[in-house]
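Asks: Each step along the sequence shown adds one to the number in my numbering, with nothing skipped, and position 117 is 118.
By construction, the Cβ of each residue, glycine as well, lies at the ideal position given by its N, Cα and C atoms.
Computed from a predicted structure; not experimentally measured.
One structure, as structure tokens, below. Some questions next.
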Amino acid sequence: MMHLSPTQSNKDMVAYKFLSLSTLFTTKAKTSINHLPEELIIRIFSFLSPQEVNHAQSVCQNWEKIGNKTALWDRLYRRDFKSKMGEKKTKQDYIGRYKLKKYQIFVKTKKIDSSYSLLPISFLPLVNRRENVARFKLTD
């Protein structure tokens, strides 16, 4: 076991305490993260990025299984895409939404529901000068 001097940074002390606790739990109680209930491991994994989840899946068979759970990807989907509760989202749903978000070309469109008689003709040149208006449609 590594011994740290009390003069080292707080970061080192936190790491030391964590190592001490993990050593205590693994040597005395013979427990590990894999002995936790699956729901708790999923909760822990939900704080990871999708890339980190994919890396964690290569650690062991249990983590591989957890990394494919719908409950985990549903949490990640709701967190990353600000989605409301509803139908459970899978890993494939997450990947599809991620690709859509990453490769989507954003075009702003504006629609004004108004009759032509209420809209002054001097308004149209102002619309044509707006850089962020890609398409402008007047409807009756």
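In three-state terms, what does DSSP make of F48?
Replies: If DSSP states are grouped into helix, strand and coil, F48 belongs with coil.
Asks: Can you grab the Cα-Cα spacing for the pair R98 / S33, in whole Å?
Replies: Those two C-alpha atoms are separated by around 34 Å.
Asks: Using the C-alpha atoms, what's the distance from Q93 back to Y104?
Replies: If you take the alpha carbons of Y104 and Q93, they lie about 16 Å apart.
Asks: Going along the chain, which residues of its own chain have a beta-carbon closer than 7 Å to the beta-carbon of P51, five neighbours each way excluded?
Replies: Within the same chain, P51 has close Cβ partners L77 and Y95.
Asks: Which residue's Cα is closest to the Cα of I45: L73, S59 and L101?
Replies: Checked all of L73, S59 and L101; the closest Cα to I45 is L73.
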